[in-house]
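Number of protein chains: 2
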Amino acid sequence: MPNDPADALTLDPAQNSVDQATRLIREDILSGRIAPGDRLKTAELAKQLGFSTMPLREALRKLEGEGLVAIEPNRGATVRKLDRAYITDLFELNTELRVFAVRRGMAALTLERIRELEALASEYRAQIEAGEDIAAIETNRRFNARLVEFGGNREALRVFQRGWDTIFAFRRGFGYGTGRRRVMAEEMQLLVDALRRQDATAAEAILRMQNAAMMEDLVSRIAPEG
Amino acid sequence: MPNDPADALTLDPAQNSVDQATRLIREDILSGRIAPGDRLKTAELAKQLGFSTMPLREALRKLEGEGLVAIEPNRGATVRKLDRAYITDLFELNTELRVFAVRRGMAALTLERIRELEALASEYRAQIEAGEDIAAIETNRRFNARLVEFGGNREALRVFQRGWDTIFAFRRGFGYGTGRRRVMAEEMQLLVDALRRQDATAAEAILRMQNAAMMEDLVSRIAPEG
DNA sequence: GGAGATCACTTTGGATCAGTTTTACACCGA
DNA sequence: TCGGTGTAAAACTGATCCAAAGTGATCTCC
Numbered sequence: 002m003p004n005d006p007a008d009a010l011t012l013d014p015a016q017n018s019v020d021q022a023t024r025l026i027r028e029d030i031l032s033g034r035i036a037p038g039d040r041l042k043t044a045e046l047a048k049q050l051g052f053s054t055m056p057l058r059e060a061l062r063k064l065e066g067e068g069l070v071a072i073e074p075n076r077g078a079t080v081r082k083l084d085r086a087y088i089t090d091l092f093e094l095n096t097e098l099r100v101f102a103v104r105r106g107m108a109a110l111t112l113e114r115i116r117e118l119e120a121l122a123s124e125y126r127a128q129i130e131a132g133e134d135i136a137a138i139e140t141n142r143r144f145n146a147r148l149v150e151f152g153g154n155r156e157a158l159r160v161f162q163r164g165w166d167t168i169f170a171f172r173r174g175f176g177y178g179t180g181r182r183r184v185m186a187e188e189m190q191l192l193v194d195a196l197r198r199q200d201a202t203a204a205e206a207i208l209r210m211q212n213a214a215m216m217e218d219l220v221s222r223i224a225p226e227g
Numbered sequence: 002m003p004n005d006p007a008d009a010l011t012l013d014p015a016q017n018s019v020d021q022a023t024r025l026i027r028e029d030i031l032s033g034r035i036a037p038g039d040r041l042k043t044a045e046l047a048k049q050l051g052f053s054t055m056p057l058r059e060a061l062r063k064l065e066g067e068g069l070v071a072i073e074p075n076r077g078a079t080v081r082k083l084d085r086a087y088i089t090d091l092f093e094l095n096t097e098l099r100v101f102a103v104r105r106g107m108a109a110l111t112l113e114r115i116r117e118l119e120a121l122a123s124e125y126r127a128q129i130e131a132g133e134d135i136a137a138i139e140t141n142r143r144f145n146a147r148l149v150e151f152g153g154n155r156e157a158l159r160v161f162q163r164g165w166d167t168i169f170a171f172r173r174g175f176g177y178g179t180g181r182r183r184v185m186a187e188e189m190q191l192l193v194d195a196l197r198r199q200d201a202t203a204a205e206a207i208l209r210m211q212n213a214a215m216m217e218d219l220v221s222r223i224a225p226e227g
């Protein structure tokens with residue numbers, strides 16, 4: 002969606018109530034203030050956010066279309082439940098999108114772009130060492146988003162971002178593996194090195210290796226049939 | 002979205018007006034009865050479909066979330082414009098998803114599944130020879146959807162289907178390349194043969210070759226900066 | 001004492017209505 | 001004749017209202 006005014010990627014002025022409400026609810030869900038499975042009552046949200054129920058109804062419908070909330074007839078809206086299959090599928094798909102982006106964007110990788118990725122990787126490492134976990138997570142997101150963006154396929158980027166947000170919202174509830182963090186910093190640097198060498202095979206291998214480790218970490222945190 | 006009641010993949014009973022309206026409008030868009038860029042006025046749709054304007058507003062919001070329509074504040078809803086970059090990105094992404102599915106699903110490809118794909122390929126060939134273009138297009142869709150489904154990643158399938166529907170809606174407006182059809186039937190058969198031989202490399206090569214040819218065909222139909 | 005039915009309360013679904021913005025069109029002037 | 005302006009109609013936005021469906025508690029009957 003190249004020029005979507007209500008796009009999460011671009012900064013929207015959010016003039017009308019519907020867009021504002023949509024943004025606020027989405028942030029509440031993705032930031033974990035509202036947990037998966039929670040009910041979203043229009044009257045409650047209306048009082049809480051200061052809108053009437055009408056914009057809320059439309060906002061919830063929009064979020065339903067985005068897949069973030071589920072609306073059952075005569076029963077109202079709830080935050081989308083995330084089961085194991087969904088999360089692992091999403092995660093695997095995102096890895097594939099990163100591999101695709103790297104393969105596709107390798108040729109167009111200017112030195113400037115590589116330096117940007119390297120800067121982000123350094124920032125990530127520094128934040129991990131300093132114990133700034135929240136900031137590190139955000140840096141990680143930016144690193145990967147830029148990586149996919151350099152692939153040059155906007156739709157892939159869009160799918161990737163949505164998937165990332167969902168996985169992130171899920172992981173917040175289950176915690177992060179502490180052991181993976183330092184390794185992640187190393188892997189990031191290895192990836193940048195591979196990109197600098199124009200070594201697509203190595204880059205792909207790193208991404209898949211990372212995927213395997215993260216999947217194991219994810220699955221271990223979920224109940225047998227979450 | 003494994004258990005979405007209002008999912009396009011599953012057959013929804015569509016009890017309430019919003020779901021019914023959403024489905025009807027979506028079908029109108031994807032079938033080409035409403036063209037990209039057309040305005041979607043709530044009052045008009047309400048009279049036409051027999052609902053009040055309220056459910057229509059919510060239906061349009063839901064479709065906005067799905068990315069099918071764009072809603073600008075105080076200006077109403079229009080069917081999402083499809084420009085060249087969007088279509089080519091989508092098409093390329095879909096090729097990648099097919100490659101991913103083939104690689105991932107190769108191991109789990111039972112003989113039964115291969116036979117099913119082969120049957121679809123034969124059906125496609127027969128329909129092309131008989132000049133049943135509409136039916137052939139549908140068979141082509143089923144073939145590829147099954148191919149991706151056999152990959153075992155539900156999210157990939159979902160993204161693929163949405164992308165396919167969009168590309169399809171676009172191509173209706175620009176026509177189909179007549180020359181590609183017979184070649185497509187051959188490529189389908191080649192793909193099935195590769196799958197039978199468990200030859201992932203060959204299968205991938207066929208898919209990418211097909212992608213290149215289709216992209217060329219697509220781009221040639223679009224104005225320089227459509 | 002337990003299970004089922006009834007009743008009250010909560011919440012959603014759909015409709016109507018007033019206020020605001022946009023847009024189309026005619027009119028006026030250069 | 002062309003361009004700008006002002007008015008009017010149409011469309012969207014937001015709010016309130018009423019009906020319908022669901023939920024839960026209490027009460028009665030077995």
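As they're listed, the protein sequences go chains A and B.
Residues 2 to 227 in our numbering are what the first sequence lists, from first letter to last.
Residues 2 to 227 in our numbering are what the second sequence lists, from first letter to last.
Yeah, the Cβ is synthetic: ideal placement off N, Cα and C, and Gly gets one too.
**Asked** Going along the chain, which residues of its own chain have a beta-carbon closer than 6 angstroms to the beta-carbon of A/A186, five neighbours each way excluded?
**Response** Counting from one through the first sequence, the residue named residue 186 of chain A turns up at place 185. Closer than 6 angstroms at Cβ, skipping near neighbours: Y125, R126 and I129.
**Prompt:** Using the beta-carbon of each residue, which ones in chain A are nearer than 8 angstroms to B/P37?
**Reply:** Numbered from its first residue, the second sequence carries residue 37 of chain B at position 36. The contacting residues do not exist; B/P37 stays about 13 angstroms from chain A at best.
**Prompt:** Between the beta-carbon of B/E133 and the beta-carbon of B/Q190, is there less than 9 angstroms?
**Reply:** The residue you call residue 133 of chain B lines up with position 132 of the second sequence. The residue you call residue 190 of chain B lines up with position 189 of the second sequence. No.
**Request:** Could you check what DSSP says for B/D5 in three-state terms: helix, strand or coil?
**Result:** Here residue 5 of chain B refers to the residue found at position 4 when the second sequence is read from its first residue. Note that B/D5 scores 38 on pLDDT, short of 50, meaning its location in the model is unreliable and no value can be drawn from it.
**Asked** Taking Cβ positions, are B/Y87 and A/E150 nearer each other than 9 angstroms?
**Response** Within the second sequence, numbered from 1, the residue matching residue 87 of chain B stands at position 86. Within the first sequence, numbered from 1, the residue matching residue 150 of chain A stands at position 149. Not in contact: B/Y87 and A/E150 (Cβ atoms no closer than 9 angstroms).
**Asked** Quick one: what's got a C-beta closer than 6 angstroms to B/R104's C-beta in the same chain, skipping five residues either side?
**Response** Taking the first residue of the second sequence as 1, we reach residue 104 of chain B at position 103. Around B/R104: A201.
**Request:** State the Cα-Cα distance for the pair B/G106 and B/A146, rounded to the nearest angstrom.
**Result:** Position 105 of the second sequence, counted from the start, is the residue given in the question as residue 106 of chain B. Position 145 of the second sequence, counted from the start, is the residue given in the question as residue 146 of chain B. In a straight line, the C-alpha of B/G106 is about 13 angstroms away from that of B/A146.
**Request:** Measuring alpha carbon to alpha carbon, tell me which of A/Q21, A/A36, A/A71 and A/T23 ends up nearest A/A170.
**Result:** As a first step, residue 170 of chain A is located in the first sequence; it is residue number 169 there, counting from the start. It is A/A36 whose Cα lies nearest to the Cα of A/A170.
**Request:** Taking only the alpha-carbon atoms, compute the straight-line gap between A/Q1 and A/I115 and give it to the nearest angstrom.
**Result:** For chain A, the structure presents residues 2 to 227; residue 1 of chain A sits outside this window and is missing.
**Message:** Tell me the rounded alpha-carbon separation between B/E93 and A/F92.
**Reply:** Here residue 93 of chain B refers to the residue found at position 92 when the second sequence is read from its first residue. Here residue 92 of chain A refers to the residue found at position 91 when the first sequence is read from its first residue. Answer to the nearest angstrom: the Cα atoms are 20 angstroms apart.
**Item:** Contact list for A/R58 against chain B, beta-carbon separation under 7 angstroms
**Value:** In the first sequence, counting from the first residue as 1, residue 58 of chain A sits at position 57. Within 7 angstroms Cβ-Cβ: E59.
**Item:** Through-space distance from B/N141 to B/S221, alpha-carbon basis
**Value:** To locate residue 221 of chain B, count along the second sequence from 1; it is residue 220. To locate residue 141 of chain B, count along the second sequence from 1; it is residue 140. Roughly 22 angstroms between the two C-alpha positions.
**Request:** Might you give, ordered along the chain, the residues of its own chain that have their beta carbon closer than 7 angstroms to the beta carbon of B/R58, omitting 5 neighbours on each side?
**Result:** Counting from one through the second sequence, the residue named residue 58 of chain B turns up at place 57. Around B/R58: T43.
**Request:** Determine which residues share a DSSP beta bridge with B/V70 and list them.
**Result:** Start at 1 with the first residue of the second sequence, and residue 70 of chain B comes out as number 69. BP columns for B/V70 point to B/V80.
**Request:** Starting from the beta carbon of A/N154, find every residue of chain B whose beta carbon is closer than 8 angstroms, and list them in chain order.
**Result:** As a first step, residue 154 of chain A is located in the first sequence; it is residue number 153 there, counting from the start. Within chain B, the residues near A/N154 are D90, E93 and L94.
**Local conformation of B/R142 per DSSP, three classes** = On the second sequence, position 141 is the one that residue 142 of chain B refers to. The answer is helix: DSSP assigns B/R142 an H, G or I state.
**Request:** Identify which residue in B/L158, B/R172 and B/E67 has its Cα closest to the Cα of B/D218.
**Result:** Here residue 218 of chain B corresponds to residue number 217 of the second sequence, with the count starting at 1. Per the Cα distances, B/R172.
**Asked** Along the segment 62-88 of chain A, what residues have a CB closer than 8 angstroms to any CB found in chain B?
**Response** R62, K63, L64, E65, G66, E67, G68, A71, I72, E73, P74, N75, R81, D84, A86 and Y87
**Message:** What does the alpha-carbon distance come out to for the pair A/E97 and B/A78?
**Reply:** Against the first sequence, residue 97 of chain A aligns to sequence position 96. Against the second sequence, residue 78 of chain B aligns to sequence position 77. Going from the Cα of A/E97 to the Cα of B/A78 covers about 34 angstroms.
**Message:** Quick check: the Cα distance between B/R40 and B/R24, rounded to an integer number of angstroms?
**Reply:** Walking along the second sequence from the start, residue 40 of chain B turns up at place 39. Walking along the second sequence from the start, residue 24 of chain B turns up at place 23. Looking at the two C-alpha atoms, the distance is approximately 17 angstroms.
**Message:** Any beta carbon from chain B within less than 9 angstroms of A/G106's own beta carbon?
**Reply:** Here the question's residue 106 of chain A lines up with position 105 in the first sequence. A/G106 does not count as touching chain B.
**Request:** Look at the alpha carbon of A/R163 and the alpha carbon of B/R182, and state the distance between them as a whole number of angstroms.
**Result:** Translated into the one-based positions of the first sequence, residue 163 of chain A becomes position 162. Translated into the one-based positions of the second sequence, residue 182 of chain B becomes position 181. Approximately 35 angstroms, taken between the alpha carbons.
**Prompt:** Can you round the beta-carbon distance between A/P56 and A/V19 to whole angstroms, since I take them to be within the 8 angstroms contact cut?
**Reply:** Position 55 of the first sequence holds residue 56 of chain A. Position 18 of the first sequence holds residue 19 of chain A. A/P56 to A/V19, Cβ: 5 angstroms. Contact.
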